[in-house]
Amino acid sequence: MDFGIDGKWALVCGASKGLGHGCAEALVREGVNVVLNARNADDLQRAAAYLVAASSDWVAVKGGKNPPCILTVAADITTAQGRAAAFSVAGGPGKDFDIVVTNAGGPPTGDFRDWGREDWMRAVDANMLTPIELIRATVDGMAQRGFGRIVNITSSAVKAPIDILGLSNGARSGLTGFVAGAARSAAIAGRGVTINNLLPGKFETDRLTGTLSAAAAKTGKDLDEVRRAQLSMIPARRFGTPQEFGAICAFLCSVQAGYITGQNVLADGGAYPGTF
Ligand code: NAP
Numbered sequence: 003m004d005f006g007i008d009g010k011w012a013l014v015c016g017a018s019k020g021l022g023h024g025c026a027e028a029l030v031r032e033g034v035n036v037v038l039n040a041r042n043a044d045d046l047q048r049a050a051a052y053l054v055a056a057s058s059d060w061v062a063v064k065g066g067k068n069p070p071c072i073l074t075v076a077a078d079i080t081t082a083q084g085r086a087a088a089f090s091v092a093g094g095p096g097k098d099f100d101i102v103v104t105n106a107g108g109p110p111t112g113d114f115r116d117w118g119r120e121d122w123m124r125a126v127d128a129n130m131l132t133p134i135e136l137i138r139a140t141v142d143g144m145a146q147r148g149f150g151r152i153v154n155i156t157s158s159a160v161k162a163p164i165d166i167l168g169l170s171n172g173a174r175s176g177l178t179g180f181v182a183g184a185a186r187s188a189a190i191a192g193r194g195v196t197i198n199n200l201l202p203g204k205f206e207t208d209r210l211t212g213t214l215s216a217a218a219a220k221t222g223k224d225l226d227e228v229r230r231a232q233l234s235m236i237p238a239r240r241f242g243t244p245q246e247f248g249a250i251c252a253f254l255c256s257v258q259a260g261y262i263t264g265q266n267v268l269a270d271g272g273a274y275p276g277t278f
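Using our numbering, count along the sequence shown one by one with no gaps and you end on 278.
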């Protein structure tokens with residue numbers, strides 16, 4: 003299926019690894035020009051080099067001529083300077099992105115009794131206010147041009163909280179409530195712009211290894227035992243892959259997904275037990 007987004011411009015945050023990288027790859031496969039963001043410049047360059055090398059083949063397979071443009075911005079997206087850098091990267095579209103994928107690593111695990119105001123402010127800044135700032139900077143331009151797609155990478159913890167991830171449960175719920183209202187406003191939904199949240203369950207990334215290690219440390223079990231226990235709770239009996247996650251993101255960014263907005267799309271191998 004042709005997703006109809008060839009030649010569009012996307013900002014993909016947290017794109018050097020894991021789920022953000024999966025989203026960037028899926029968009030590049032659709033011929034989308036991408037600005038990749040992450041903090042570590044070496045990891046980012048490696049990610050970009052992989053996409054540049056692979057994109058000619060992907061485009062040729064789809065019968066296209068020009069591989070998409072792939073740019074990088076090594077910056078902390080949770081800071082105003084980091085966002086300004088993403089919007090001013092040479093050769094990029096300025097604030098005129100057609101697609102924005104918001105993402106910035108998850109907050110640390112722990113016990114809420116140990117978290118003070120500073121810990122909460124960092125989590126709220128990264129996982130609630132940063133996506134809102136990115137939406138605020140880009141959504142009106144998208145609406146004026148009559149097309150826009152915003153996908154926020156959040157977490158299954160929004161539907162089924164995880165005890166050691168209280169900072170994530172709390173901060174992401176704030177974003178979820180905001181998106182539910184903003185996405186449905188006529189000035190956005192009525193002008194071809196969709197905003198959706200994509201909720202990962204357990205995907206094979208560095209972050210997952212980190213949270214499983216934290217659970218192992220807390221319970222005194224070994225990491226393999228914790229992994230097996232987690233897998234046994236997933237009906238699909240496996241963790242997801244960043245490529246699978248990216249493919250869902252690319253679909254939400256497609257022309258065909260224009261009637262899906264304000265939704266929380268859960269990808270968790272069936273782990274969430276509810277009917278809705
Ligand atoms: P990951 O493998 O650790 O990758 C995180 C990516 O984000 C890296 O590219 C990292 O690069 C970048 N990043 C982190 N902080 C950043 C910042 N302040 N500014 C710019 N880039 C930043 O994590 P992941 O598993 O892909 O997770 C992505 C998101 O999904 C996280 O919020 C995570 O909590 C959430 N999530 C993941 C899972 C899962 O199973 N994997 C489940 C639920 C929720 P640098 O460190 O170089 O910046």
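For glycine and all other residues, C-beta sits at the position ideal for the given N, C-alpha and C.
Every value quoted in this text rests on a predicted model; they were computed, and no experiment measured them.
Checklist entry - When we look at the beta-carbon of Asp226 and count the other beta-carbons within 10 Å, is it buried (16 or more) or exposed? => result Counting from one through the sequence shown, the residue named residue 226 turns up at place 224. So Asp226 ends up on the exposed side.
Checklist entry - Under the three-state reduction of DSSP, which class applies to Val153: helix, strand or coil? => result The sequence position of residue 153 within the sequence shown is 151, counting from 1. It is a strand residue.
Checklist entry - Which residues in the same chain as Ser18 place their Cβ atom closer than 8 Å to its Cβ, once the five residues preceding and following it in sequence are excluded? => result Translated into positions along the sequence shown, residue 18 becomes position 16. If we look at Ser18 and ignore the five residues flanking it on each side, its Cβ neighbours are Leu38, Ala40, Asn42, Asp45, Leu46, Arg48, Ala49.
Checklist entry - Touching or not, the region 192 to 211 and the region 260 to 278, by the rule of three or more beta carbon pairs under 8 Å? => result yes
Item to check | Nearest residue (CA-CA) to Ala55, options Ile72, Gly65, Cys251, Gly20 | outcome: Taking the sequence shown and counting its residues from 1, one reaches residue 55 at position 53. The shortest Cα separation from Ala55 among Ile72, Gly65, Cys251, Gly20 belongs to Ile72.
Checklist entry - Can you tell me where the beta strand (DSSP E) with Ala72 in it begins and where it stops? => result For the purposes of this step, residue 72 is taken as the residue at position 70 of the sequence shown. Correcting the residue type first, residue 72 is Ile in the shown sequence and not Ala. Its beta strand (DSSP E) spans residues 72 to 76.
Item to check | Rounded straight-line distance, which links the Cα of Gln83 to that of Gly112 | outcome: One-based indexing of the sequence shown puts residue 112 at position 110. One-based indexing of the sequence shown puts residue 83 at position 81. Distance between the alpha carbons of Gly112 and Gln83: 29 Å.
Checklist entry - Going by Cα to Cα distance, which pick from Val61, Gly6, Thr140 is closest to Ser90? => result Position 88 of the sequence shown holds residue 90. The residue with the shortest Cα to Cα distance from Ser90 is Thr140.
Item to check | Ser234 burial status per 10 Å Cβ neighbour count (16 or more: buried) | outcome: On the sequence shown, position 232 is the one that residue 234 refers to. Under this definition Ser234 is an exposed residue.
Next on the checklist: If contacts are defined as beta-carbon pairs under 8 Å, then Val181 and Asn154 qualify, I think. What distance do you get, rounded to the angstrom?
Outcome noted: By 1-based counting over the sequence shown, the position of residue 181 is 179. By 1-based counting over the sequence shown, the position of residue 154 is 152. Right, the Cβ-Cβ distance comes to about 6 Å (below 8 Å), so this counts as a contact.
Checklist entry - Are the CB atoms of Pro244 and Gly66 nearer to each other than 8 Å? => result What you label residue 244 is simply residue 242 of the sequence shown in a count that begins at 1. What you label residue 66 is simply residue 64 of the sequence shown in a count that begins at 1. Between Pro244 and Gly66, the C-beta spacing is not below 8 Å.
Item to check | Asn198 CB to nearest heavy atom of the ligand NAP below 7 Å | outcome: Translated into the one-based positions of the sequence shown, residue 198 becomes position 196. No, since every heavy atom of the ligand NAP falls outside the 7 Å radius drawn around the Cβ of Asn198.
Item to check | Nearest-angstrom beta carbon gap, Ile190 and Arg151 [assumed within contact, 8 Å] | outcome: Within the sequence shown, the letter at position 149 stands for residue 151. Within the sequence shown, the letter at position 188 stands for residue 190. About 11 Å separates the two Cβ atoms, so there is no contact after all.
Checklist entry - Cβ of Ile2 within 8 Å of Cβ of Asn199? => result Residue 2 cannot be examined here, being either before or after the span of the chain that is shown, 3 to 278.
Item to check | Beta carbon proximity, Cys251 to chain B, threshold 8 Å | outcome: Given the protein chain composition of this structure (a single chain), no chain B is represented.
Item to check | CA-to-CA distance, Ala218 to Val228, given in whole angstroms | outcome: Indexing the sequence shown from 1 puts residue 228 at position 226. Indexing the sequence shown from 1 puts residue 218 at position 216. When rounded, the distance between both Cα atoms is 6 Å.
Next on the checklist: Let me check understanding here. Comparing Cα to Cα, which of Thr277, Ser157, Gly176, Ala185 lies closest to Phe247?
Outcome noted: Reading the sequence shown from its first residue, position 245 is the one you call residue 247. The option with the nearest alpha carbon to Phe247 is Ser157.
Next on the checklist: Let me make sure I understand the geometry here. Which of Gly264, Ala173, Phe253 has the alpha-carbon closest to that of Ser187?
Outcome noted: Locating residue 187 in the sequence shown gives position 185, counting from the first residue. Of Gly264, Ala173, Phe253, the residue nearest in Cα terms is Gly264.
Checklist entry - Should Ala12 and Phe99 be called a contact, given that it needs their Cβ atoms to be closer than 8 Å? => result Translated into the one-based positions of the sequence shown, residue 12 becomes position 10. Translated into the one-based positions of the sequence shown, residue 99 becomes position 97. Yes, the Cβ-Cβ distance between Ala12 and Phe99 is below 8 Å.
Next on the checklist: I'd like the list of long-range same chain contacts for Ala76, defined as Cβ closer than 6 Å, with 5 residues on each side in sequence excluded.
Outcome noted: Within the sequence shown, residue 76 is the residue found at index 74, counting from 1. The residues are Ala43, Leu46.
Item to check | Ile101: first and last residue of the uninterrupted beta strand (DSSP E) it sits in | outcome: Here residue 101 refers to the residue found at position 99 of the sequence shown. Element bounds for Ile101: 101 to 104.
Checklist entry - Do you know offhand how far Glu120's Cα is from Ile166's? => result Within the sequence shown, residue 120 is the residue found at index 118, counting from 1. Within the sequence shown, residue 166 is the residue found at index 164, counting from 1. When only Cα atoms are considered, Glu120 and Ile166 end up about 18 Å apart.
Next on the checklist: Report the CB separation of Thr80 from Thr132 in whole angstroms; it is logged as a contact under 8 Å.
Outcome noted: By one-based count along the sequence shown, residue 80 stands at place 78. By one-based count along the sequence shown, residue 132 stands at place 130. Your pair Thr80 and Thr132 checks out as a contact, with CB atoms roughly 5 Å apart and the cut at 8 Å.
Checklist entry - What's the gap between the Cα of Ile236 and the Cα of Ala252? => result Against the sequence shown, residue 236 aligns to sequence position 234. Against the sequence shown, residue 252 aligns to sequence position 250. So the two alpha carbons sit approximately 24 Å from each other.
Item to check | Under 8 Å between C-beta atoms of Ala145 and Arg193 | outcome: Locating residue 145 in the sequence shown gives position 143, where the first residue counts as 1. Locating residue 193 in the sequence shown gives position 191, where the first residue counts as 1. For Ala145 and Arg193, yes; Cβs fall inside 8 Å.
Checklist entry - What's the C-alpha gap between Gly94 and Gly33? => result One-based indexing of the sequence shown puts residue 94 at position 92. One-based indexing of the sequence shown puts residue 33 at position 31. The straight-line gap from Cα to Cα measures roughly 15 Å.
Checklist entry - Exposed or buried, what is Phe5 when buried is set at 16 or more other beta-carbons lying within 10 Å of its beta-carbon? => result The sequence position of residue 5 within the sequence shown is 3, counting from 1. Label assigned to Phe5: buried.
Next on the checklist: Could you compute how far the alpha carbon of Gly260 sits from the alpha carbon of Leu254?
Outcome noted: Residue 260 sits at position 258 when you count from the first residue of the sequence shown. Residue 254 sits at position 252 when you count from the first residue of the sequence shown. Cα-Cα distance, rounded: 8 Å.
Checklist entry - In the structure shown, what three-state DSSP assignment does Trp122 receive? => result As a position in the sequence shown, residue 122 is number 120, starting the count at 1. Looking at Trp122 - three-state DSSP - the assignment turns out to be helix.
Checklist entry - Which runs of the beta strand (DSSP E) fall wholly inside the region 169 to 204 and span at least 3 residues, in chain order? => result 195 to 202
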